[in-house]
Amino acid sequence: MIEISTSEHGSVAVIEVKGRVDSVTAPQFGEALSTPMSSGFRHLVLDLQQVDYMSSAGLRELVNVYKRANKNAGDLRLVQPSERVQEILEIAGLDSVFRIFPTQMDAIGSF
Amino acid sequence: MLTERRIRVAAVVENVPVVCEFVVEAARDVGLDERGIHYCRLAVDEACTNIVEHAYGHEGESNTFDVTCCQDDDQLVITIEDSGEAFDPTTQPDPKPNPAIEDLKPGGWGVFFIKKMMDHVAYHRADGQNVLTLRKQAPRPSVQMPAPLAINMNAITPQLVTITPDGQIDVSNARTLETALTQALNGGHRQIVLNLERVNHLSSAGIKVIVAAWQRSRDVKGDVVLVSPTPRVSEFLNVVGLDLVLTILPSHDAALHHFKVKR
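Quick note, the sequences are listed as chains A and B, same order.
Per this note's numbering, the very first residue in the first sequence carries number 17; after that it's consecutive.
Per this note's numbering, the very first residue in the second sequence carries number 148; after that it's consecutive.
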């Protein structure tokens, strides 16, 4: 199971996720990412610090939301992926697709 | 040695983590390290998710798939069998790395991860079944006996100690030198004469330990000086540039003079 909390910082929605993102939890993960967009947020920050596992099911949601945000002149930016998740991003060849920041403040300030 | 284990589950997504745990446990028993275990989890997650989502075309509940774990030498062998539509993951094209946003497709990584994470991936179709075999090698234990190293410590004054290692200093025994240096510093000896005349080989692991001690000694206004390195060690000290950082002296007396100790 995963825990998700969302907060608003001006025009930026910050989503914090905790747990494993796999094919069981990916739908919940994807929904948490797309809900702020549906309520008008184009700028999304996803804090991955406490995600210790992500499979391709999670990446699929990331990419879907990233594309949707960019289509609306917004962006999805990542904060501090754990070593395991960073490795997955690299292997998938997505590490240069996403903008990755060391802290939430940095990511929020980048918009 | 892992005895063969088999699990059969209904082809629904909720069972994928169950199968992953089953494989993780087997991977532990075979002696894989944490990274290898993580890789097995991910590969099995991807393979089983594919079965659940594609092989049976959303009619998974009435179907099952089998996962078997066994050990071959120091490899974990994972066999995944399903009776769904024929699918050979080994022939799938790899996704393009770092694509432009317009070329970015949400998918295609699952099979790629399996290939990347496992040491060997094989597929065959037999009796109407997809049989996917994954292999992951356990790390081979490096049985390295520490090289012999004797260390002689001689406190000359309450501040000054002479440490004379005898033997070669490499990654296998650098800890021994580290312990001696730490003991000296903890005991208030901030002036350390490290006599290297009997050290026939010094590796970077040894250098690291020496530099760490030197830094600690500097913090308490002391110093670590090297004395009488053999030509081979001397050359290495020059190559790594340590001769520019540390004081290297030709004799023990010169070291005592350096610390202004009267004899």
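Beta carbons: idealized from backbone N, C-alpha and C, even for Gly.
Would I248 of chain B and Y82 of chain A be called neighbours here (beta carbons separated by less than 9 Å)?
Yes.
By how many angstroms is the C-alpha of T280 of chain B removed from the C-alpha of Q239 of chain B?
When rounded, the distance between both Cα atoms is 16 Å.
Does the distance from the CB of S98 of chain A to the CB of Q66 of chain A come in under 9 Å?
Yes, they are a contact pair.
What are the start and end residues of each continuous alpha helix (DSSP H) run of 4 or more residues lying completely inside the segment 332 to 390 of chain B, in chain order?
Unbroken alpha helix (DSSP H) runs of no fewer than 4 residues, entirely contained in the segment 332 to 390 of chain B, are found at 351 to 366, 378 to 386, following chain order.
Touching by the beta-carbon criterion (3+ pairs, under 8 Å), the segment 264 to 274 of chain B and the segment 356 to 373 of chain B
No contact exists between the segment 264 to 274 of chain B and the segment 356 to 373 of chain B.
Does DSSP put H407 of chain B in a helix, in a strand, or in coil?
The displayed chain sequence assigns Lys, not His, to residue 407 of chain B. Note: K407 of chain B maps to coil in three-state DSSP.
With a threshold of 9 Å between beta carbons, is F406 of chain B in contact with chain A?
Judged by the 9 Å Cβ criterion, F406 of chain B is not in contact with chain A.
Below 7 Å between beta carbons is the criterion; list the residues of the segment 67 to 90 of chain A that meet it against any residue of chain B, in chain order.
Those residues of the segment 67 to 90 of chain A that come within reach of chain B (Cβ to Cβ, closer than 7 Å) are S71, S72, A73, L75, R76, V79, N80, K83, N86.
What does N210 of chain B reach in chain A if we use C-beta pairs closer than 9 Å?
Listed along chain A is no residue with a C-beta nearer than 9 Å to that of N210 of chain B; the closest approach is about 17 Å.
Using the beta-carbon of each residue, which ones in chain B are nearer than 8 Å to G109 of chain A?
Simply P242, K243, P244, N245, P246.
Members of the segment 94 to 105 of chain A near chain B, C-beta cut-off 7 Å:
Correct list: R100.
Distance CB(L49 of chain A)-CB(L94 of chain A) smaller than 9 Å
Cβ distance not < 9 Å, so L49 of chain A and L94 of chain A don't count as in contact.
Quick one: does the C-beta of M300 of chain B sit closer than 8 Å to a heavy atom of the ligand MG?
No copy of the ligand MG occurs in the structure displayed, which carries no ligand at all.
Roughly how many whole angstroms lie between the Cα atoms of E103 of chain A and D220 of chain B?
C-alpha separation (whole angstroms): 28 Å.
Bridge partners for K283 of chain B per DSSP, in chain order?
K283 of chain B pairs with B:L223.
Here's the rule: buried if 16 or more other CB atoms are within 10 angstroms of the residue's CB, otherwise exposed. What is T41 of chain A?
It counts as buried.
Proximal chain B residues relative to V37 of chain A, where beta-carbon distance stays under 7 Å:
What V37 of chain A touches in chain B: nothing, since even the nearest Cβ is about 11 Å away.
Residues of its chain near M148 of chain B, where Cβ-Cβ distance is below 7 Å and the 5 sequence neighbours each way are ignored:
Within the same chain, M148 of chain B has close Cβ partners Q218.
Three-state secondary structure (DSSP) at E249 of chain B?
DSSP, read as helix, strand or coil, puts E249 of chain B in helix.
Residues of chain A with CB under 7 Å from K263 of chain B, in chain order?
Under the 7 Å cutoff, chain A gives I107.
With distances taken from CA atoms, which of A:E77, A:P52, A:P43, A:D38 is nearest I31 of chain A?
Out of A:E77, A:P52, A:P43, A:D38, A:P52 has the C-alpha closest to the C-alpha of I31 of chain A.
When the Cα atoms are used, what is the spatial distance from G56 of chain A to E47 of chain A?
So the two alpha carbons sit approximately 14 Å from each other.
Looking at chain A, is there any beta carbon in it that lies within less than 9 Å of the beta carbon of L349 of chain B?
By this cut-off, L349 of chain B is not an interface position.
Alpha carbon to alpha carbon, what distance is there between G90 of chain A and V387 of chain B?
Taking the Cα positions, V387 of chain B is about 50 Å away from G90 of chain A.
In angstroms, rounded to a whole number, what distance separates the CA positions of D122 of chain A and M265 of chain B?
Put simply, the backbone Cα of D122 of chain A is about 36 Å away from that of M265 of chain B.
Looking at the secondary structure, which residues open and close the alpha helix (DSSP H) in which E103 of chain A lies?
99 to 107 is the extent of the alpha helix (DSSP H) around E103 of chain A.
Compare the beta carbon distance of F212 of chain B and R155 of chain B with 9 Å and say whether it is the shorter of the two.
Yes; because the gap between Cβ atoms is below 9 Å, this pair is in contact.
Quick check: I354 of chain B and V372 of chain B, are their CB atoms within less than 9 Å of each other?
Result no, Cβ atoms of I354 of chain B and V372 of chain B do not sit closer than 9 Å.
Return the residues of the segment 159 to 172 of chain B that lie within a Cβ-Cβ distance of less than 7 Å from chain A, sorted by chain order.
Residues V160, E161, V163, P164.
With distances taken from CA atoms, which of B:S209, B:V224, B:E161, B:E200 is nearest G445 of chain B?
Outside the shown range of chain B, which is 148 to 410, sits residue 445 of chain B, and nothing can be said about it.
For S351 of chain B, count neighbouring Cβ atoms within 10 angstroms of its own Cβ and tell me buried if that reaches 16, exposed if not.
Around the Cβ of S351 of chain B, a 10 Å sphere holds fewer than 16 other Cβ atoms; the residue is exposed.
Would you say V33 of chain A faces chain B, with C-beta separation under 9 Å as the test?
No, V33 of chain A lies away from the interface with chain B (no Cβ there is under 9 Å from its Cβ).
Residue range of the alpha helix (DSSP H) that A157 of chain B falls in?
Following the DSSP letters along the chain, one finds A157 of chain B in no alpha helix (DSSP H) but inside the beta strand (DSSP E) bounded by residues 152 to 157.
Cβ-based neighbour list, Y186 of chain B, same chain, cut-off 8 Å, excluding 5 preceding and 5 following:
Correct list, in chain order: M264, M265, K283.
By the 7 Å beta-carbon criterion, what residues does the segment 184 to 208 of chain B contribute toward chain A?
Only H185, L189, D192, E193, T196 from the segment 184 to 208 of chain B bring a Cβ to less than 7 Å from some Cβ of chain A.
If you run the structure through DSSP and keep just helix, strand and coil, what is F45 of chain A?
F45 of chain A falls in the helix class under three-state DSSP.
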